[in-house]
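*Asks:* Counting along the sequence shown from 1, when you hit position 292 you're at 292 in full-length UniProt numbering, and nothing is skipped either side. Note that beta-carbon positions come from the ideal geometry of N, C-alpha and C, so glycine has one too. Provided herewith is a single structure, encoded as structure tokens, for subsequent inquiry.
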Amino acid sequence: MAVNNAIKILIIFFSILILPGISLAESEITIKLNNRVVFSDAAPFIEGGRVLVPLQVIGEAAGAEVKWNGQRATLTKEQITIEVIPGSKVIWAGGRVFCLDVPARMKNGRLFVPLRFISEFLGGEVKFQNKTVEIKYPASQEQEITLNFAGDTTLAWFFEEFVKDNFDYPFALFPSFKQADITMLNLENPVTTRGKKVPKQFNFRMNPKYIQVLLKGGVDIVNLANNHVGDYGPQGILDTLNFLDAAGIKHVGAGENLKAARNPVIFSLKQKKIGFLGYFGGKDYAATTSKPGTSPCYEQYIIEDIKKLKQKADVVVVNFHWGVERAHYPEPYQIRLAHQAIDAGADLIIGHHPHVLQGIERYKNGVIVYSLGNFIFGGNSRREHDTFVFQLIIKGEQKQYALIPVRVKNWQPYWLDSEEGEGVISSIQIYSKYFPDSLL
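Written out as structure tokens, the structure is:
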């Protein structure tokens with residue numbers, strides 16, 4: 001998104017709409033910019049704690065082109081495009097899919113949208129108190145933190161055959177990871193040329209030279225709690241830890257012993273502390289369990305770890321490598337475990353292992369992404385698939401959630417536009433209907 005363009009839009013918007021001394025008596029909501037009252041020709045209203053205002057007012061005031069095709073509205077201004085679907089919590093903005101707390105609404109023939117989202121996307125800072133919306137411009141971008149999460153990644157087998165030593169190739173079309181503050185993925189292979197191959201159907205092993213791919217791609221932290229990190233025994237695990245440490249890539253979910261594997265990683269940035277944990281929750285997810293979800297010892301560890309981390313971190317992210325492969329819906333034990341984790345203090349649950357997409361649930365004050373599917377997955381010969389990158393955007397005490405639809409072709413991801421990415425988002429919406437409160 002071009003910041004200068006966003007600034008121009010916001011300046012035009014408020015220079016037209018500011019009329020001193022006029023309040024919105026009909027709705028009893030007052031909107032102010034730098035202590036000056038903003039007028040709208042249609043009364044805003046509150047739903048789910050959010051203030052909704054007419055999109056047409058914002059678009060025309062900004063000099064933007066607003067189109068309506070009978071199903072969705074599109075606001076376009078230079079390089080900025082916002083697409084709004086009435087009745088949906090999904091809004092396309094700047095090529096990303098944002099998940100709103102409340103959907104856009106049709107009322108009296110007008111399309112109303114959340115004021116906070118539109119204003120913040122255009123560069124403003126919004127606060128709401130006592131039926132007064134205070135908008136300060138410009139917002140402090142230094143306090144915004146963006147976290148990226150991608151799914152199962154294996155830089156071995158078919159990946160190695162195709163990429164060879166072209167370390168710049170995999171992320172040449174996907175700079176988004178470098179632009180974020182923190183990027184995390186599930187690294188589903190040991191990083192080693194040594195070790196003894198353990199007896200199993202599939203064994204993955206990533207050559208240490210491909211650490212350069214992760215670094216060039218902008219990966220900051222990986223989850224190692226999965227069913228392939230031990231494919232080449234203890235030696236392979238130790239080599240993985242050493243190579244990642246040497247490269248400065250953080251990791252959770254594996255260690256020299258159980259205590260080390262349970263250690264969190266905490267990033268301190270922009271006056272916030274972001275904590276990460278990782279656990280293997282597959283069908284044989286711990287030595288102490290015989291059936292999924294039946295190990296009080298394992299689950300006790302998780303709850304204990306989360307509670308401890310919550311005392312140190314402002315935001316807690318928990319990775320679970322779990323579930324049934326190729327299943328688009330989680331098992332009952334996964335839902336129960338995820339809810340327990342959020343009850344213990346987790347803010348975001350990131351799931352992987354099924355290799356396909358699953359839905360996203362809101363639970364209390366947390367969000368559960370049950371499966372991100374495959375990202376760059378060299379473990380099979382499939383040369384093209386669609387997936388998504390999940391984003392957590394932290395603005396002070398506010399959390400915003402976005403999805404980036406992605407196509408991975410020949411082990412190279414690239415960002416899909418709204419037309420091509422609609423299928424990815426629609427699939428996640430369908431899978432999310434399984435939950436009482438879905439994110440989308």
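(1) Would you give the residue range spanned by the beta strand (DSSP E) that residue 114 belongs to?
(2) Does the distance from the C-beta atom of residue 115 to that of residue 53 stay below 8 Å?
(3) Please report the residue range of the alpha helix (DSSP H) in which residue 423 lies.
(4) Assign residue 57 to one of three DSSP states: helix, strand, or coil.
(5) Would residue 388 pass as a contact of residue 376 if the rule is Cβ separation under 8 Å?
(6) Between 425, 182, 382 and 410, which has its C-alpha nearest residue 315's C-alpha?
(7) Let's see if you can read the secondary structure: which residues bound the alpha helix (DSSP H) around residue 333?
(8) On the three-state DSSP scale, how would you describe residue 303?
(9) Please list the segments of the beta strand (DSSP E) lying wholly inside the region 124-179, counting only runs of 3 or more residues, in order along the chain.
(10) Between the beta-carbon of residue 253 and the beta-carbon of residue 223, is there less than 8 Å?
(11) Does DSSP classify residue 239 as helix, strand or coil?
(12) Taking 8 Å as the cut-off, decide whether the C-beta atoms of residue 29 and residue 131 are in contact.
(13) Can you look up residue 437 in the DSSP assignment and give me helix, strand or coil?
(14) Taking the beta strand (DSSP E) that residue 258 falls in, what are its first and last residues?
(15) Below 8 Å, how does it come out for the region 191-211 and the region 149-161: are there three or more Cβ pairs, yes or no?
(16) Within this structure, are the beta carbons of residue 458 and residue 188 separated by less than 8 Å?
(17) For residue 359 versus residue 310, is the C-beta distance shorter than 8 Å?
(18) Do you know offhand how far residue 432's Cα is from residue 64's?
(19) Measure the alpha-carbon distance for residue 51 versus residue 307 and round it to whole angstroms.
(20) Hey, out of 66, 73, 55 and 88, whose CA is closest to residue 439's CA?
(21) Using only CA atoms, which one of 108, 84, 260 and 352 lies nearest to residue 227?
(22) Nearest-angstrom Cα distance between residue 197 and residue 179?
(23) Apply the 10 Å Cβ neighbour rule to residue 425 and answer buried if 16 or more other Cβ atoms are within range, or exposed otherwise.
(24) Can you list, in chain order, the residues of its chain whose CB lies under 6 Å from that of residue 74, leaving out five sequence neighbours each side?
(25) Please report the straight-line C-alpha distance between residue 172 and residue 414, rounded to a whole angstrom.
(26) Residue 398 bridges to which residues according to DSSP?
(27) Rounded to whole angstroms, what's the CA-CA distance from residue 55 to residue 81? Just pull it up for me.
(28) Quick check: residue 313 and residue 274, are their CB atoms within less than 8 Å of each other?
(29) Under the rule that 16 or more other beta-carbon atoms within 10 Å means buried, what is residue 93, buried or exposed?
(30) For residue 402, tell me which candidate among 386, 420, 369 and 382 has the shortest Cα-Cα distance.
(31) Grouping DSSP H, G and I as helix and E and B as strand, with all else coil, what is residue 120?
(32) What is the C-beta distance between residue 323 and residue 340, in whole angstroms, given that I count them as a contact (C-beta under 8 Å)?
(33) Do you know offhand how far residue 232's Cα is from residue 371's?
(34) Hey, how far is the Cα of residue 217 from the Cα of residue 174?
(35) Could you work out which residue in 144, 113 and 348 is closest to residue 125 when comparing CA atoms only?
(36) Could you tell me the distance, in whole angstroms, from the CA atom of residue 444 to the CA atom of residue 78?
*Replies:* The relevant details are as follows:
(1) 110-114
(2) Cβ atoms of residue 115 and residue 53: closer than 8 Å.
(3) In the DSSP annotation of this structure, the continuous segment of the alpha helix (DSSP H) that includes residue 423 starts and ends at 418-432.
(4) Look at residue 57 here: in three-state DSSP terms it is helix.
(5) no
(6) 182
(7) Counted as a single uninterrupted DSSP element, the alpha helix (DSSP H) harbouring residue 333 occupies residues 332-344.
(8) Residue 303: helix per DSSP, three-state reduction.
(9) 125-129, 132-136 and 144-154, all fully within the region 124-179.
(10) yes
(11) helix
(12) yes
(13) coil
(14) For residue 258, no beta strand (DSSP E) run applies; the uninterrupted alpha helix (DSSP H) run containing it begins and ends at 258-261, by DSSP.
(15) yes
(16) Given that the chain is displayed from residue 1 to residue 440, the structure contains no residue 458 and the question cannot be resolved.
(17) no
(18) 33 Å
(19) 34 Å
(20) Taking only the C-alpha atoms, the option nearest residue 439 is 88.
(21) Measuring from the Cα of residue 227, the nearest candidate turns out to be 352.
(22) 37 Å
(23) buried
(24) 67 and 83
(25) 9 Å
(26) 395
(27) Roughly 13 Å between the two C-alpha positions.
(28) yes
(29) buried
(30) 369
(31) helix
(32) About 16 Å separates the two Cβ atoms, so there is no contact after all.
(33) 25 Å
(34) If I take the Cα positions, the gap works out to 8 Å.
(35) 144
(36) As shown, the chain starts at 1 and ends at 440. That puts residue 444 outside it, with no answer to give.
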